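Engineer: Handing you a structure now.
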Amino acid sequence: MRFRDRVDEYSWSLPQTRQFISSPATGVERAPLFRIGGETARATSLVRYAPGSVFPEHQHPFGEEFLVLEGEFADEAGRYPAFTWVHNPHGSHHSPRSDTGCLLFVRLREMNPDDTVQRVLCLEERTPETGKSEQLLHRFGDEEVVWAQAAAGVRLARAANFHGQEALVVRGSVEWQTDQVRRLEAQSWIRVPPGCPLRLTTLEPSVIYLRVSCRNFGDPGIR
0 MRFRDRVDEY
10 SWSLPQTRQF
20 ISSPATGVER
30 APLFRIGGET
40 ARATSLVRYA
50 PGSVFPEHQH
60 PFGEEFLVLE
70 GEFADEAGRY
80 PAFTWVHNPH
90 GSHHSPRSDT
100 GCLLFVRLRE
110 MNPDDTVQRV
120 LCLEERTPET
130 GKSEQLLHRF
140 GDEEVVWAQA
150 AAGVRLARAA
160 NFHGQEALVV
170 RGSVEWQTDQ
180 VRRLEAQSWI
190 RVPPGCPLRL
200 TTLEPSVIYL
210 RVSCRNFGDP
220 GIR
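Note that numbering that gives the first Met the number 0 gives residue 3 to position 4 of the sequence shown, counting from 1, and the numbers run on in steps of one.
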């Protein structure tokens with residue numbers, strides 16, 4: 000399966016047009032945002048766990064990253080409430096489940112294998128009354144993961160780079176400026192191709208997940 004795999008093009012996924020697909024595990028559904036491969040794939044997805052659902056233990060070649068958007072996620076290492084961000088490096092593994100149900104943003108097999116950092120961060124949802132606050136969650140080489148919280152009417156911009164950029168609207172809504180202007184509601188995802196800037200303006204108090212310089216380590220065919 001190849002889905003939104005042209006990293007040299009603008010891509011986006013909006014919640015009002017998104018479809019969740021059943022996974023092999025009962026009660027676990029996935030909405031692909033980007034995918035190369037079958038059941039074993041390099042992928043960015045939203046993953047929804049029904050209460051009491053379990054996913055089989057699995058390895059993380061080229062790593063796994065997830066952000067809990069709603070509910071509570073869990074594995075043998077602990078419990079992760081909403082707004083927990085986890086970076087599991089190349090070669091890690093876990094047995095995931097959710098007792099209460101949850102919604103996750105997940106990136107699989109997209110890390111540099113030399114990036115060996117294991118990290119769990121509990122993030123702040125509250126937005127400032129004016130301006131913006133940006134927290135650097137992770138950096139490896141020229142790739143950065145940023146948690147941005149902003150009041151209404153704030154511009155969030157990143158210059159063009161050689162590897163592209165991604166953003167997920169976690170809370171609130173924003174305008175996305177390219178050759179046209181699009182409104183992005185909460186849980187909208189976008190990818191900006193190499194050589195193009197990222198330009199967002201918040202329409203209300205908002206929280207945005209940003210990934211700057213999105214290298215393609217997991218699949219040599221699309222580096």
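Think of the CB as a built atom: it goes at the ideal place given N, C-alpha and C, for glycine as much as any other residue.
Predicted model, so just to flag it, every value in this text is computed and none were measured.
Taking only three categories from DSSP, how would you classify residue 83?
Structural biologist: Strand, per DSSP.
Engineer: Quick one, which of 63, 14, 78 and 98 has its alpha-carbon nearest residue 26's?
Structural biologist: 98
Engineer: My output table needs one value for residue 31: the three-state DSSP class, helix, strand or coil.
Structural biologist: strand
Engineer: Compare the C-alpha of residue 131 against each of 155, 110 and 142 and name the closest.
Structural biologist: 155
Engineer: Does any residue of chain B bring its CB to less than 8 Å from the CB of residue 25?
Structural biologist: No chain B is present in this structure, which holds just one protein chain.
Engineer: Should residue 14 and residue 187 be called a contact, given that it needs their Cβ atoms to be closer than 8 Å?
Structural biologist: yes
Engineer: Let me know if residue 56 comes out buried or exposed under the rule of 16 or more other beta-carbons within 10 Å of its beta-carbon.
Structural biologist: exposed
Engineer: Report the start-end ranges of each beta strand (DSSP E) in the stretch 173-204 that is 3 residues or longer and not cut off at the edges.
Structural biologist: Listed in chain order, they are 180-184, 188-191 and 197-201.
Engineer: Which residues share a DSSP beta bridge with residue 121?
Structural biologist: In the DSSP output, where bridge partners are listed per residue, residue 121 has 83.
Engineer: So what's residue 15 in DSSP terms, helix, strand or just coil?
Structural biologist: Three-state DSSP puts residue 15 in a helix.
Engineer: Pick from 94, 86 and 105: whose alpha carbon is nearest that of residue 68?
Structural biologist: If we check each option's Cα against that of residue 68, 105 comes out closest.
Engineer: Closer than 7 Å to a non-hydrogen atom of the ligand SAH - does that hold for the CB of residue 191?
Structural biologist: The model on display carries no ligand, and the ligand SAH is accordingly not part of it.
Engineer: Just the Cα atoms here: how many angstroms apart are residue 62 and residue 45?
Structural biologist: 17 Å
Engineer: Determine the contact status of residue 176 and residue 190, defining contact as a CB-CB distance below 8 Å.
Structural biologist: no
Engineer: Would residue 53 and residue 86 be called neighbours here (beta carbons separated by less than 8 Å)?
Structural biologist: The Cβ-Cβ distance between residue 53 and residue 86 does not fall below 8 Å.
Engineer: Ignoring anything shorter than 3 residues, give me the beta strand (DSSP E) runs that lie fully in the stretch 33-103, in order along the chain.
Structural biologist: 40-48, 57-59, 63-74, 77-80, 83-87 and 91-93
Engineer: What residue range does the beta strand (DSSP E) around residue 166 cover?
Structural biologist: Where residue 166 is concerned, the enclosing beta strand (DSSP E) stretches over 164-170.
Engineer: Under the rule that 16 or more other beta-carbon atoms within 10 Å means buried, what is residue 108, buried or exposed?
Structural biologist: buried
Engineer: For the beta strand (DSSP E) containing residue 145, name the first residue and the last one.
Structural biologist: 142-149
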